[in-house]
Structures are given as structure tokens and as C-alpha cells.
Amino acid sequence: MIYDLIIVGGGPAGAAAAVYAARKRLKTLFITHEWGGQSVVSPDIQNWIGTKSISGEHLAKQLREHVESYKGESLQIISPAKATSLSPSDDKVAIKTEDLSASNEARQAGGKTFNAKTLLITTGADRRKLTVPGAAEFDQKGLTYCATCDGPLFTDKDVVVVGGGNAGFETAAQLLAYTKSVTLLDNSPTFHADEITVNKVIKNPKMKALNNAETLEVIGDKFVTGIKYKDTKSGKEHTLDIQGVFVEIGLVPNTAWIGNAINVNERKQIVTDPKDQQTSHPRIWAAGDCTDALYHQNNIAAGDAVKALEDIYNFLHASKKK
1 MIYDLIIVGG
11 GPAGAAAAVY
21 AARKRLKTLF
31 ITHEWGGQSV
41 VSPDIQNWIG
51 TKSISGEHLA
61 KQLREHVESY
71 KGESLQIISP
81 AKATSLSPSD
91 DKVAIKTEDL
101 SASNEARQAG
111 GKTFNAKTLL
121 ITTGADRRKL
131 TVPGAAEFDQ
141 KGLTYCATCD
151 GPLFTDKDVV
161 VVGGGNAGFE
171 TAAQLLAYTK
181 SVTLLDNSPT
191 FHADEITVNK
201 VIKNPKMKAL
211 NNAETLEVIG
221 DKFVTGIKYK
231 DTKSGKEHTL
241 DIQGVFVEIG
251 LVPNTAWIGN
261 AINVNERKQI
271 VTDPKDQQTS
281 HPRIWAAGDC
291 TDALYHQNNI
301 AAGDAVKALE
311 DIYNFLHASK
321 KK
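Once you know that position 6 of the sequence shown is 6 in the UniProt record's numbering, the rest is easy, because the numbers rise by one and skip nothing.
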């Protein structure tokens, strides 16, 4: 059997695409090992459009319920399962999968292969985790990986941003709208963010940015109360009394399974055309945090996936068909 479309990934991008695909009566196979994406761990999301406040867990539940409401002849769902390899050709795309609910013996025997005319990849990314003592213990207890989701929760508090790239300074810029003060810690001698961005952010009187600052430990009781860092030039250790830690040390896109089938950049993000989300292969599209999009947020991921789905439909049924 050859599907019209396979969607891989169960976050906002994959869910949005699945709903649109089902409504357009595309014969679709939806594959995901979990629902909700990165925000599933967030206790309070305040920027999911149409919802004033929602937990990540509740958002994941709503996404799943919305997709599953279309389950039937047009939409089949395999979960929990993950794609393990990708083999595109001129006339179809083949996806090999692993059923995560199967026994170890069955999984070792090899998964099933599914074929489709088109593929949409929405496998997202994982935040690169801070691995110092206390980081895991206080994750979502004052330490967070999403300023967009959690920034307003730290109104009038002193916080730290760990990471000196563009993402770190952009996070600091967001937080300055809410917080009492922001201190950015970067363990390198020079910031890796654009000079214009750095200069603009550090002009704010509530902002302090430190180079050669190696994060050593996140301190707290029930919630974060401080952070310890070392000045790598002097060797001296310092402790800051703060109530929040925002980690921006990079994303790890979930793209290892695609191999060399399509083009990725140096960060292993899938390269897409921003007009239609098409990749280097004419039968494959991608959306969300697994791509090289400039901004990564839930609403953007969902919008890009809908854009891709519209283009996929045209590829299959209208002027763009090849």
C-alpha cells in the first residue's frame, strides 16, 4: 500500500498537519513516539494562541485528542513508534519504523516499512541540557529552557541566562520586559551572538553579560535560589542570588534517522524553502524545530506545517504535481 502522505512527529507541527491532511481527505499515516513536543514539560504556557494559559501536559493531550478525532479511513495513527530510516526515490518515499510498544524481541527483529507519495518531517528537537549539579534537580523548578513559555512567571525576579549565542541574547531581551535583572553567563572569551544584538541588549540598565563565566552549579531548596560560576581567567568562584535560570546552549534536532537522504546544515537541521517548507527532495517537506527556520516556537511550527500541507496537497492534486 502507498499512502498519499506520511507525517513523522507528534508536536504542534505534526498535529496541525495531520488535522489539515485528514480534512483534505489525503490518505495519511501519522507516526509519533510521543505527543506535545518540547513544551510538554512546561507547567504554564501563556502564548499558545487562543488559550490564555495551559500546561504542556494539557496541550499535548489536546493535540492528541484533536488528531485522534479524525482517525479513520483517511488518517491512520501509529503510536508509540518512531521512524528509524528514510529512503526516498523518484516516485515514492519509504520509511522504516520501530514499534515502541512491542517486545524487545520483536523490536530486534526489525520494524515495518511504509511507503508514501510524500513525506512531512516534524520530529522537532531536544534542548541541549545543562549538566552541572542541580540542573536536573531544579528543571521546571526555577530552571527552564523556554523563555517564551515561562518568562512571565519570573516577573520582578533576578534571573540568569546561560549561553552567549544569539539565542541567549534574544532570551535575555525577552526577559528584560518582565524581570528585575538579567545576568548572562558565557563560558567563552567572546560572545557568539551578532555584535548588533549584543550591543543593543547590554545597553539595558537591568542587563549584565559576563564572558569567561563557567557555570558550576544550580543552587536551591524547593526552587532555584542561586547559581555558582567560575571566572575562568582568574579561577575565582562566585555565587549569584537569583530565582530563575534560563538555559540557551543550543538545540539538538531529531534528524539522525534521515541519514543523507536530504540536505541538512552544519547543525543537522533540515534545510527548507521558507516559501513552502520543501526540502532538497521534491517529495519531502519539513516543519518545526527540526528545520533551519530562523525562529522556533509552537505557533510558528504549527503555521509552517500547515503551509507545508497546503503545498503537499498541490503537489499531489494541483498545479505543482510532477
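Ideal placement from N, C-alpha and C gives every residue a C-beta, glycine not left out.
For residue i, does the count of other Cβ atoms within 10 angstroms reach 16, so buried, or fall short, so exposed?
{"i": "Q140", "result": "exposed"}
{"i": "T144", "result": "buried"}
{"i": "M1", "result": "exposed"}
{"i": "R283", "result": "buried"}
{"i": "P133", "result": "exposed"}
{"i": "S42", "result": "buried"}
{"i": "P274", "result": "exposed"}
{"i": "Y229", "result": "buried"}
{"i": "D186", "result": "buried"}
{"i": "L294", "result": "exposed"}
{"i": "S101", "result": "exposed"}
Grouping DSSP H, G and I as helix and E and B as strand, with all else coil, what is residue i?
{"i": "I48", "result": "According to the sequence as given, residue 48 is Trp; it is not Ile. In this structure, W48 counts as coil in the three-state DSSP scheme."}
{"i": "E237", "result": "strand"}
{"i": "V198", "result": "helix"}
{"i": "N254", "result": "coil"}
{"i": "L210", "result": "strand"}
{"i": "S39", "result": "helix"}
{"i": "L184", "result": "strand"}
{"i": "Q297", "result": "coil"}
{"i": "C149", "result": "helix"}
{"i": "T190", "result": "coil"}
{"i": "D4", "result": "strand"}
{"i": "V271", "result": "coil"}
{"i": "G244", "result": "strand"}
{"i": "K304", "result": "This sequence places Asp at residue 304; Lys is not what is there. Reduced to three states, the DSSP call for D304 is helix."}
{"i": "G168", "result": "helix"}
Since residue i sits in a beta bridge, which residues does DSSP pair it with?
{"i": "Q76", "result": "L29"}
{"i": "Y229", "result": "T215 and H238"}
{"i": "R128", "result": "BP columns for R128 are empty, so no partner."}
{"i": "I95", "result": "L86 and F114"}
{"i": "D139", "result": "L143"}
{"i": "D276", "result": "According to DSSP, which records beta bridges pairwise, D276 is partnered with nothing at all."}
Taking only heavy atoms of the ligand ATP into account, decide whether any of them is closer than 7 angstroms to the Cβ of residue i.
{"i": "I77", "result": "The ligand ATP is not part of this structure, which contains no ligands at all."}
Compute the beta-carbon to beta-carbon distance between residue i and residue j, rounded to the nearest angstrom, for a pair I have assumed lies under 8 angstroms.
{"i": "G164", "j": "S188", "result": "6 angstroms"}
{"i": "F138", "j": "G220", "result": "5 angstroms"}
{"i": "T118", "j": "G288", "result": "17 angstroms between Cβ atoms; not a contact."}
{"i": "G124", "j": "E248", "result": "Actually they do not touch by this definition, with Cβ atoms about 17 angstroms apart."}
With a threshold of 8 angstroms between beta carbons, is residue i in contact with chain C?
{"i": "V132", "result": "Absent here is chain C; the protein component of the structure consists of one chain."}
**OP:** Specify whether the region 256 to 266 and the region 177 to 186 touch according to this definition: at least 3 beta carbon pairs, one from each stretch, less than 8 angstroms apart.
**Re:** No, because fewer than three Cβ pairs between the region 256 to 266 and the region 177 to 186 fall closer than 8 angstroms, the two stretches do not touch.
query = Within the chosen definition, does the region 301 to 309 reach the region 6 to 25 through at least 3 CB pairs nearer than 8 angstroms?
reply = With a cut-off of 8 angstroms on Cβ pairs, the region 301 to 309 is in contact with the region 6 to 25, counting three or more such pairs.
**Message:** I want to know whether the region 87 to 96 touches the region 66 to 78 - three or more CB-CB distances under 8 angstroms.
**Reply:** The region 87 to 96 is not in contact with the region 66 to 78.
Note to self: I'd like to know if the region 11 to 22 and the region 286 to 300 are in contact, where contact means that at least 3 CB-CB pairs between them fall below 8 angstroms.
What the structure shows: Short answer: they touch.
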